[in-house]
Every structure is written in C-alpha cells, then in structure tokens.
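Trainee:
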Amino acid sequence: MTTKLLALAQARVASAIDHWLPSIDAEPLSLHQAMRYAALAKGKRLRPALVYAAGAVFHLDPAQLDGPACAVELIHAYSLVHDDLPAMDDDALRRGQPTCHIKYGEAAAILAGDALQCLAFQVLSDDPHMACSAQQRCQMIKVLAQASGSQGMAGGQAMDLEAEGKNLPIDALDAIHQRKTGRLISASVLLGALAAPHVKPKQLQALQSFGEKIGFAFQIQDDILDIEGDSEFMGKTPGVDQARQKLTYPALCGLAFAREKTQELHREALHSLQAFGADAEPLRQLSEFIISRKH
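For the sequence shown, the numbering used here begins at -8 and goes up steadily by one.
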C-alpha cells in the first residue's frame, strides 16, 4: 500500500514539477538547469504523498492535488539546496548525487533555491486543475508560507545552527524539530485537505494534529539514521550531525529513547485519525513508513 502510494506520488509530482519548471534551454540557462537538477532529483516524495493521502480522505481526484503536491515539493527542494550550502550544513551529497552547489556553484545554488521557492506559490495561485475557491487558494498559500518562514522551516534551521555545540534542554530540541521539519510536513497534510471544497474546521484540526506528530517523528528518525544509516542507501552523507555537534534526540537522550519517542508520536498521530475511518488508511500507512524507514 505504502509503496504504491509513494510510487504514485513520485510519478505525478515529477510530471507536475517538469510542467511548471522553465525549460532547460530557456534563459538564463545556468539558473534553469540548476533548478531542474535540484527539483527533479530522485527522492521519496513523502510530502507530496501526504498531500495525495490527505486529499484521498475527501475522495479528491489526484489531478486536483497535483498543484499543492508540486508546491510543497518545490519548497522542500529549495530548502535542501540552501541547507546543503557551506554556510549551513556543508554537504556534498544529496539524493545520491552531488549537491546543487557542488554541481553548479554556490551562487547558482542560492538563486535556484530562491526561484524554486517563488515558483511554489505561483503554482498554488495559477494551477487550473485545483477545484477550489480563491479563498481556499489564499489559505493554502498562507499555510505554506507560514510553514516555510521564520516560525517554521527557516526559523527551525536558524535555531538548529545556533544550537550546535550547546547542551540545551529537551524542550529546546523539540522546538527546533517542530519548526525545522514538522511544520512543512504538517502543511503537506493541510494542503491536501484544503483542496477539498467542503472541509470542516474540526477535520482540519485533526489532520493538523496528525501532521505535527508525524513531522516530529520524521525528524527524530532522521537523527537516528544519521548515526545508523548507510550513505549509499540513504543518498546522503551520514554522521554530519555528530561531526557538527548538532542537538539531536540520540545525542541528548540516547538511541533507545529516540526510538521510543518515534513510536509514541506514531501512536498519537494514529489517534488523531480516528474520526476518518478507512478513508485515512493511506495516512496511517505513511505514518508507519516514517518511523520504520531506513533512508
């Protein structure tokens, strides 16, 4: 079930990204080549899969969800390009290939990330297949912007950098994880729901709770994989967190506690879905995937 859902998300969102990205032959060539290199690289496409799975709760046609799925993946791609820069995490490998700045240079990578971020919001405003109102589009743009900004992903990255080498309490680590990773994953779930014409506030609240729990679990599992993962299987360099003395759950609480925390968050996430019955089964499967994944 999970494999099929991820494969569907990977195929659909790759097609959508290819459609929205400028041609590789369009000027400025170097910028557009770097954008396509970063956004079309092979990956799990978990965030788009969450968009499709949340939309499935409301029986939406996947074509209605291609725009939101594309938008959230463009934001994710931009964040990876910037996170890998020497001024940030200084990584040379991403998704099994050289990082964008290694391939095209730092200036091109910065601009590619900037342009991918802008394109995400253009998709949400312009995609003709999204069968939702202008008000819903505005809400989706707001959700994605908040998840990406200083109270979300960008803020979490800033807090993460500032915490390097420091011995901070666990609530500080929780705040970093919730912003750096959790907010965008939660936004992915909300975007899928907001594409539905008649979604109710209580339904959004339940799905937001689900998204926050699995987003938190995803980052803790990333912390675990940085210690236990294999670079060939993961597609990126393990051990970076330890080398940079990053604040992580395994470093602060040990591997056993970190593993138990992911299980606890998984159970809480599933509890949030009780009211949706069988329609939420794809979301349940993705939650299980998040805590058991090896890359």
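Just so it is clear, CB atoms sit at the ideal spot from N, CA and C, and this is done for glycine as well.
Looking at C-beta atoms only, is the number of pairs between the segment 269 to 277 and the segment 26 to 43 that lie closer than 8 Å three or more?
Mentor: Short answer: they touch.
Trainee: Quick check on DSSP: helix, strand or coil for R284?
Mentor: Looking up residue 284 in the sequence shown gives position 293. R284: coil per DSSP, three-state reduction.
Trainee: For M225, is the classification buried or exposed, using 16 other Cβ atoms within 10 angstroms of its Cβ as the cut-off for buried?
Mentor: By 1-based counting over the sequence shown, the position of residue 225 is 234. Bear in mind that a pLDDT of 47 at M225, under 50, signals an unreliable position, so the number given afterwards is only what the model happens to contain. Buried.
Trainee: Quick check on the burial criterion: 16 or more other C-beta atoms within 10 angstroms. Buried or exposed for I15?
Mentor: Translated into positions along the sequence shown, residue 15 becomes position 24. Answer is exposed; the Cβ neighbour count stays below 16.
Trainee: If you follow the alpha helix (DSSP H) that G202 is part of, which residue opens it and which one closes it?
Mentor: Counting from one through the sequence shown, the residue named residue 202 turns up at place 211. From DSSP, the alpha helix (DSSP H) with G202 extends over P192 to E219.
Trainee: Could you give the residue range of the alpha helix (DSSP H) that holds C123?
Mentor: Along the sequence shown, one-based indexing puts residue 123 at 132. Per DSSP, C123 belongs to no alpha helix (DSSP H) and is neither H nor E.
Trainee: Hey, K35 and L(-1): beta-carbon distance below 8 Å or not?
Mentor: Numbered from its first residue, the sequence shown carries residue 35 at position 44. Numbered from its first residue, the sequence shown carries residue -1 at position 8. In this structure, L(-1) does not lie closer than 8 Å to K35 by Cβ.
Trainee: When the Cα atoms are used, what is the spatial distance from A5 to D82?
Mentor: Taking the sequence shown and counting its residues from 1, the one referred to as residue 5 is at position 14. Taking the sequence shown and counting its residues from 1, the one referred to as residue 82 is at position 91. Computed Cα separation, rounded: 24 Å.
Trainee: For G146, is the beta carbon positioned less than 7 Å from some heavy atom of the ligand FAD?
Mentor: Of the ligands one can find in the structure shown there are none, so the ligand FAD has no counterpart to examine.
Trainee: Pick out whichever of Q127, A68 and S177 has its Cα sitting closest to the Cα of A33.
Mentor: In the sequence shown, counting from the first residue as 1, residue 33 sits at position 42. Checking the sequence, you will find Lys at residue 33 rather than Ala. When only C-alpha atoms are compared, the closest one is A68.
Trainee: Measuring alpha carbon to alpha carbon, tell me which of L181, T172 and E272 ends up nearest C129.
Mentor: One-based indexing of the sequence shown puts residue 129 at position 138. Out of L181, T172 and E272, L181 has the C-alpha closest to the C-alpha of C129.
Trainee: When the Cα atoms are used, what is the spatial distance from Q199 to T90?
Mentor: Locating residue 199 in the sequence shown gives position 208, counting from the first residue. Locating residue 90 in the sequence shown gives position 99, counting from the first residue. Approximately 32 Å, taken between the alpha carbons.
Trainee: When you compare the segment 250 to 266 with the segment 205 to 213, are there three or more beta-carbon pairs, one atom per stretch, that lie closer than 8 Å?
Mentor: Yes, they touch.
Trainee: What residue ranges within the segment 43 to 115 form continuous alpha helix (DSSP H) runs of no fewer than 4 residues, ordered along the chain?
Mentor: If we require 4 residues or more, the alpha helix (DSSP H) runs fully inside the segment 43 to 115 come out as 57 to 74 and 91 to 95.
Trainee: Quick check: D151 and K133, are their CB atoms within less than 8 Å of each other?
Mentor: To locate residue 151, count along the sequence shown from 1; it is residue 160. To locate residue 133, count along the sequence shown from 1; it is residue 142. Cβ atoms of D151 and K133: not closer than 8 Å.
Trainee: Under the three-state reduction of DSSP, which class applies to S278: helix, strand or coil?
Mentor: Position 287 of the sequence shown, counting from 1, holds the residue named residue 278. Looking at S278 - three-state DSSP - the assignment turns out to be helix.
Trainee: Which whole-angstrom value describes the C-beta separation of M131 and L185, a residue pair presumed to lie in contact below a C-beta threshold of 8 Å?
Mentor: The count along the sequence shown starts at 1 and reaches residue 131 at position 140. The count along the sequence shown starts at 1 and reaches residue 185 at position 194. Indeed, because the Cβ distance is near 5 Å, the residues count as touching under 8 Å.
Trainee: With distances taken from CA atoms, which of Q127, I161, K(-5) and I211 is nearest G183?
Mentor: By 1-based counting over the sequence shown, the position of residue 183 is 192. Of the candidates Q127, I161, K(-5) and I211, the one whose C-alpha sits nearest the C-alpha of G183 is Q127.
Trainee: Using the beta-carbon count (16 or more within 10 Å), is E64 buried or exposed?
Mentor: Numbered from 1 along the sequence shown, position 73 holds the residue referred to as residue 64. Looking at its Cβ environment, which holds 16 or more other Cβ atoms inside 10 Å, E64 is buried.
Trainee: Nearest CA to the CA of S70: which residue from L56, S179, L107 and F49?
Mentor: As a first step, residue 70 is located in the sequence shown; it is residue number 79 there, counting from the start. Here the closest residue by C-alpha is L107.
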